[in-house]
Structure formats: structure tokens, C-alpha cells
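Colleague: Sequential numbering from 393 applies to the sequence shown in the numbering used here.
For every residue, glycine included, the Cβ atom is placed at its ideal position computed from N, Cα and C.
Only a predicted model underlies this, so the values are computations on that prediction, with no experimental measurement involved.
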Amino acid sequence: MNLLKSVFADTLHLFYPHVCIGCGSDLVNEKNLLCLKCVSDLPHTDFEQHAGNIIEKIFWGRLPITSAHSEFYFSKESLIQHLIHQLKYKSNKEIGIYLGKLMGRKMVESKRFEQIDYLIPLPLYPDKEHKRGYNQATIICNGISSAMHIPVINNNVMRLRFTETQTRKHRTERWENVEGSFVVKNETALKGKHVLLIDDVITTGATLESCGHAIMKTGDIKLSIATLAFATK
């Protein structure tokens, strides 16, 4: 019986190979999303271990945050860009969960994010989320939540208006593009809490800053920020 199962599995794998999401190489274990080489090539920043890291410095004088972190370095034509593209535009939610878990485990190990009460995904404009079918920040949050055992709060922080892509804008234009774009529906639910605001990629931090200000208006709240990746300009 075991021999028959093995032959069937091998035959199935021959016609329906399980490949690495990162490089496309053939994977034997169907439970894996990335091959060992791609796992070893993931560009971890280790920012979670250091207070005053480059992500925290982005918000100095702009937003009173407790801690901040980005798990990976982001660059064009890189493995991380490919994986985030798979998450955002190819409906590959599995890779978002997987990377979120990696990120969550690293934050647990650092001991710098132990007092977080809730995870909040940076909201998309409703029409955009409806068109995509999901919010990629929520998928990342779900992965982090499974590693850190912290609940995710959805639909309390809302995006009020559509904003143009930030990619080709300089810092001032980025801030003007998102200023006043967010609102908290139920402020009471956040009072006295420490929340971790999550997004996929940070560059200048303008969008996270705008959302962070909306959250901080509730008063009596601590705010930390984490993104899957950090992109230099």
C-alpha cells in the first residue's frame, strides 16, 4: 500500500510539479513555498533588534511612535519584489501569510514588541480592495498574528478617499496625496491600547504617517509600525 501511494505521489508530481514561488525550481515537499536557496537569500534587515533603527528614524519629529520595524530590504528586480508582486497582483495569499509568519517570529524573538494589544492593517480604499478582492496588509497581519498570537482589528480604521500611486512622487507630494485620508470609526476600542500598524512596503512613510495621525487622535494610545519591506529611494 505504501509503495502504491509513493508511486501515485511521484506520478502526480511528474504531471503537476510543485515549484518554488521565488525561483520556479522544482520542490519535492508540497508544503514548502520557497526552496532552501530562496529562503537563505531572503534579505532580512534585523531592524527588530535595534531601537533607533532606520525605520524609527523616518518618523522622528513626524509621528510619536514606540517602535518600528521592516523585515526585508526591498530593491527592484529582487526576490522580495517578486514575492510581494505575487501577493498583491497574483492573488498569492499563501506567500503573504508565510512572510508574515517569518516577520512575526522575528519580532517575538526581539522582545521589543511584547506589549502589542492589536494588529491593524493599513486600509485600502474600499473600491480598490473590492477590485483586488483583499487587502494585502491584512494577509500579512494574519501571518504575523499566527506567530505573535495578537488579534487583528479590521474595518475600524478606514480609508476615506482614493489616492494616486505614490511611486513617482517626492516627499511633499506624497504627504499632500494622503493627508486626511484616514479616520477611526470606533475610538473607544483603541483607547489605552498599544497597536501595531502594518503595511507591505515603506519608502518615505507618508501614507503610514497619515494613518498614524488618525489613530493617535483617539488619545491615550501607543502606536508602533511594521512593514514587510523597506525600499530606499
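Per DSSP, which one or two residues make a beta bridge with ASP592?
Modeller: Answer by DSSP bridge pairing: none, since ASP592 is not bridged.
Colleague: Please specify which runs of the alpha helix (DSSP H), each continuous and at least 4 residues long, are wholly inside the stretch 447-505, giving them in chain order.
Modeller: With a minimum length of 4 residues, the continuous alpha helix (DSSP H) runs that stay inside the stretch 447-505 are 471-481, 485-502.
Colleague: Can you check which of these residues, SER432, THR530, ILE607, LYS493, is closest to PHE574 by C-alpha distance?
Modeller: For PHE574, the nearest C-alpha among the options comes from ILE607.
Colleague: Where does GLN558 sit, in a helix, a strand or coil, going by DSSP?
Modeller: A caution first: GLN558 carries a pLDDT of 47, below 50, which makes its placement in the model too unreliable to give a value.
Colleague: Have a look at the DSSP bridge pairing and note the partners of LYS614.
Modeller: LYS614 pairs with HIS586.
Colleague: Compute the distance between the beta-carbons of PRO513 and ILE457, then report whether it is under 7 Å.
Modeller: No, the Cβ-Cβ distance between PRO513 and ILE457 is not below 7 Å.
Colleague: If you compare alpha carbons, which of GLY535, LYS577, ALA621 is closest to ASN548?
Modeller: Looking at the Cα atoms, LYS577 is the closest of the given residues.
Colleague: Could you compute how far the alpha carbon of ASP509 sits from the alpha carbon of LEU428?
Modeller: Between ASP509 and LEU428, the C-alpha separation is close to 34 Å.
Colleague: Quick one: what does DSSP say LEU620 is sitting in, helix, strand or coil?
Modeller: In the structure shown, LEU620 sits in a strand (DSSP, three-state: E or B).
Colleague: Taking the beta strand (DSSP E) that VAL629 falls in, what are its first and last residues?
Modeller: Because the chain is modelled from 393 through 625, residue 629 falls outside the range shown and cannot be assessed.
Colleague: Looking only at its chain, what residues have a beta carbon closer than 7 Å to the beta carbon of SER398, apart from the 5 residues adjacent to it on each side?
Modeller: Bear in mind that a pLDDT of 48 at SER398, under 50, signals an unreliable position, so the number given afterwards is only what the model happens to contain. The answer is none, since no qualifying residue turns up.
Colleague: Let me know the alpha helix (DSSP H) ranges lying completely inside the stretch 513-548, each 4 residues or longer, listed in chain order.
Modeller: Entirely contained in the stretch 513-548, the alpha helix (DSSP H) runs reaching 4 residues are, in chain order, 518-524, 528-540.
Colleague: Buried or exposed for GLN507, please, with buried defined as at least 16 other CB atoms from any protein chain shown within 10 angstroms of its CB.
Modeller: By the 10 Å Cβ count, GLN507 comes out exposed.
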